[in-house]
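Student: Just so we're aligned, residue 292 is where the sequence shown starts under the numbering used here, counting upward by one. A virtual CB, placed ideally from N, CA and C, is assigned to each residue, including glycine.
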Amino acid sequence: MDNRSIGFFDSGVGGLSVLKVSLGEIPRESYIYYGDTLRMPYGVRSKEDIERYTCQAMEFFRSKNVKMAVIACNTATCYGIKKARELFDFPIFGVVEPAVKESLHKSKSKKVALLATEGTVNSGVYDKFFESYSSNIYIKEIGCPDLVLAIENGDLRDEVIVPVINKYLDKFEDFEYDTLILGCTHFPIVENTFKRILAKFDRKVQLVDPAEITINELKEYLENHDMLGDHDEESIDFYVSSHKEKFKSTLEKLISVNDYKISLSEKVLD
292 MDNRSIGFFD SGVGGLSVLK VSLGEIPRES YIYYGDTLRM PYGVRSKEDI
342 ERYTCQAMEF FRSKNVKMAV IACNTATCYG IKKARELFDF PIFGVVEPAV
392 KESLHKSKSK KVALLATEGT VNSGVYDKFF ESYSSNIYIK EIGCPDLVLA
442 IENGDLRDEV IVPVINKYLD KFEDFEYDTL ILGCTHFPIV ENTFKRILAK
492 FDRKVQLVDP AEITINELKE YLENHDMLGD HDEESIDFYV SSHKEKFKST
542 LEKLISVNDY KISLSEKVLD
C-alpha cells in the first residue's frame, strides 16, 4: 500500500479526460492535478519550452511527494517525457505509446487517422512509435489548434464544437481510415460528438481514447508494485496557472466531484 498522491499534468483541461478514467478505475487514491492554463496551448510552443514546462510540473509533483505522475498531454509527452524520466526518480507515464498500441489492435485496414495538436504532429513521435511496432501501417496526421482552443474555452455546445470538428475531419476525405486516434487529451471530452458526426455519415470508425489504455497500464503498475492507495476519504488537489474560475466551470461539467475532498488553487511554475 502507498497512500501518496498520483500527479496528473496537462496544459489545461484536457488531462481531466484522463483523470476522469482514473477516478473510475482506481478508487481510494488521492490526486494532484496541475493545468498550465497560463501557457496553453502547448501545440504552438517550441520543443525546448515544452520540455522545460513539463520538467517544472514534475518538480512541483516531487515537492508534493507524489508516488507517480501521468503526463496527461500528448504534446508534453512527445517533447517532455524523455527528459523528465532522466531527472526524476518516480514513475512517469505518458499517453502516446498506449494510443499507438491500442490503435494497432483495433485497426483492420491498417489505416489510422490522428487528430492532435500541431506540436504533436510536427514531433514525429507517433510515426516513430508506429514504425517500432509495425512496418505495415499508414497514418495520416492533422493538427487541430482551433479544436483545442474551443474545448479549453469550455463552451461544448454542438453549434460551437461540431463545425470545428467537421473542418478537420473533412481533411481525411480521401483517406479510408478505420481507426481515429483522439491524439490530444482535450478531444475525448467531446468524444460523443465525434461519434454522432461519424455515425451521421455512416462511417464505421473506431475511436481510440489514450486515457483508457494509459490508466489500465497505470493500474497494473500500481498492483504489481503494491502501490495502490487505501484512502477512506478520496481527495483531489487542483492547481492551475491562471483562469481558475473558467477551469472550475469546465471541471464541474466533466467530473462529478461531490464524492471527493476538493481544493483548487492558482500556482505559477518557474
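1) Starting from the Cα of C263, find the closest Cα among H396, N413 and D449 and give me that residue.
2) Check each candidate in S398, I430, T484 and F299 and name the one with the smallest Cα separation from C578.
3) Rounded to whole angstroms, how far is the Cβ of V573 from the Cβ of T541, which I believe are closer than 8 Å?
4) Could you tell me the distance, in whole angstroms, from the CA atom of M331 to the CA atom of G520?
5) Mind checking which residues open and close the beta strand (DSSP E) that includes D418?
6) Taking the beta strand (DSSP E) that K431 falls in, what are its first and last residues?
7) Could you tell me if P454 is buried or exposed, where buried requires 16 or more neighbouring beta carbons within 10 angstroms of its beta carbon?
8) One question on the structure: do A404 and K373 come within less than 8 Å of each other, judged by their Cβ atoms?
9) Please confirm if the region 364-378 is in contact with the region 395-410, defined as three or more CB-CB distances below 8 Å between the two stretches.
10) Tell me the residue span of the beta strand (DSSP E) that contains D301.
11) If you count every other CB in all the chains shown that lies within 10 Å of the CB of E320, and 16 or more means buried, which is it?
12) According to DSSP, what are the bridge partners of Q497?
13) How far does the alpha helix (DSSP H) with G371 in it reach, from first residue to last?
14) Expressed to the nearest angstrom, what Euclidean distance is found between the alpha-carbon atoms of K558 and S354?
15) Less than 8 Å separating the beta-carbons of I480 and I442?
16) Over what stretch of residues does the beta strand (DSSP E) that includes Y551 continue unbroken?
17) Does the region 542-552 come into contact with the region 525-533, if we say contact requires no fewer than three beta-carbon pairs (one atom in each stretch) closer than 8 Å?
18) Using DSSP with H/G/I as helix, E/B as strand and the rest coil, what is S337?
19) How would you label D500, buried or exposed, when you count the other beta carbons within 10 angstroms and need 16 or more for buried?
20) Between V386 and V309, which are expected to be in contact by the criterion C-beta below 8 Å, what is the C-beta distance as a whole number of angstroms?
Tutor: The relevant details are as follows:
1) This structure gives no information on residue 263, because the portion of the chain shown stretches from 292 to 561.
2) Here the chain covers residues 292 to 561 and nothing more, so residue 578 does not appear.
3) This structure leaves residue 573 out entirely; the chain is present only between 292 and 561.
4) Looking up residue 331 in the sequence shown gives position 40. Looking up residue 520 in the sequence shown gives position 229. Approximately 31 Å, taken between the alpha carbons.
5) Translated into the one-based positions of the sequence shown, residue 418 becomes position 127. Where D418 is concerned, there is no enclosing beta strand (DSSP E), although the alpha helix (DSSP H) it sits in stretches over V416 to Y424.
6) The residue you call residue 431 lines up with position 140 of the sequence shown. Y429 to G434 is the extent of the beta strand (DSSP E) around K431.
7) Stepping through the sequence shown from its first residue, residue 454 is reached at position 163. Under this definition P454 is an exposed residue.
8) By 1-based counting over the sequence shown, the position of residue 404 is 113. By 1-based counting over the sequence shown, the position of residue 373 is 82. No.
9) yes
10) If you number the sequence shown from 1, residue 301 lands on position 10. It spans I297 to D301 - the beta strand (DSSP E) in which D301 sits, taken as one unbroken run.
11) Counting from 1 along the sequence shown, the entry for residue 320 is found at position 29. Its Cβ being crowded by 16 or more others within 10 Å, E320 is buried.
12) For the purposes of this step, residue 497 is taken as the residue at position 206 of the sequence shown. BP columns for Q497 point to T470.
13) Position 80 of the sequence shown, counting from 1, holds the residue named residue 371. Start and end: N365 to L378.
14) Position 267 of the sequence shown, counted from the start, is the residue given in the question as residue 558. Position 63 of the sequence shown, counted from the start, is the residue given in the question as residue 354. Going from the Cα of K558 to the Cα of S354 covers about 13 Å.
15) For the purposes of this step, residue 480 is identified with residue 189 of the sequence shown, where counting begins at 1. For the purposes of this step, residue 442 is identified with residue 151 of the sequence shown, where counting begins at 1. Their beta carbons are under 8 Å apart, which means I480 touches I442 by this criterion.
16) Position 260 of the sequence shown, counted from the start, is the residue given in the question as residue 551. Y551 -> no beta strand (DSSP E), and no H or E assigned at all.
17) yes
18) Start at 1 with the first residue of the sequence shown, and residue 337 comes out as number 46. Coil, per DSSP.
19) Position 209 of the sequence shown, counting from 1, holds the residue named residue 500. Its Cβ being crowded by 16 or more others within 10 Å, D500 is buried.
20) Within the sequence shown, numbered from 1, the residue matching residue 386 stands at position 95. Within the sequence shown, numbered from 1, the residue matching residue 309 stands at position 18. Confirmed, Cβ separation roughly 7 Å.
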